[in-house]
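What follows is a set of notes on a single structure, which appears directly below.
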Amino acid sequence: MTIPVVVLSFLLSAATAARSPWSPQTDTPQYKLIPIPRGKKLGTEDRANLKRAMENLEAGKYDTALVLLDSVLDTSPHCTSALRARARTLLTLGYLKWKHLLVTQALEDTKKFLWQDYRDMAMRDMLALLKQLHDRMERIDSMKRARKKRRKAGKQSPRTR
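So the sequence shown is residues 0 to 160, counted in numbering that gives the first Met the number 0.
In structure tokens, the structure reads:
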């Protein structure tokens, strides 16, 4: 039994059209995939740093936790739990301090994580949240720049006329 090529091409195009709404090939830039060595575990120092980072996160000490997570990721870039915790920490700090750079870093870390494990629904939701927050911060920053520019030029705001 052979299936004509036309039928196969129709089925293939239907399957690609019905894919999930998020795909790493179209929604994230092409990162080098980090090879995850099988059987290789975190070193004792990395494990201790990761544990202390999680304890600091639970205690609300985000800056200290971020330093510890950075040290873990410097020596073990394949550690997905450290990458996820760092992305969430950066999101929290970026929102609390309203720092655009921290939110951008969290967005990049989330994309890197999804390249390693694209089926994680919680991180997909976090990616959508980060994109919205990033866009909102950009809009607010552009409005502030425009307001400064008007003040420099000596013009009044359209609202105060």
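We treat Cβ as the ideally placed atom computed from N, Cα and C, and that holds for glycine. For clarity, every value in this text was computed on a predicted model and none was experimentally measured.
Residue span of the alpha helix (DSSP H) that contains residue i, given as start and end
i    : result
S80  : T79 to K96
Y61  : Y61 to T74
D108 : H99 to Q115
For residue i, the nearest candidate out of the options (CA to CA)
i    : options                  : result
F112 : I139, V102, K130 and T79 : T79
T43  : K60, V71, E54 and N55    : V71
D124 : P76, L68, K50 and R83    : R83
L92  : L68, G153, L129 and Y61  : Y61
Residue i classed as buried or exposed, judged by whether at least 16 other C-beta atoms fall within 10 angstroms
i    : result
R118 : exposed
R85  : buried
V66  : exposed
S141 : exposed
P20  : With a pLDDT of only 45 at P20, under 50, the local geometry of the prediction cannot be trusted, and the value read off the model is given with reservation. With fewer than 16 Cβ atoms within 10 Å of its Cβ, P20 is classed as exposed.
Q115 : buried
T109 : buried
R87  : buried
M122 : buried
Helix, strand or coil at residue i according to DSSP, with G and I counted as helix
i    : result
R135 : helix
K40  : coil
D119 : coil
A152 : helix
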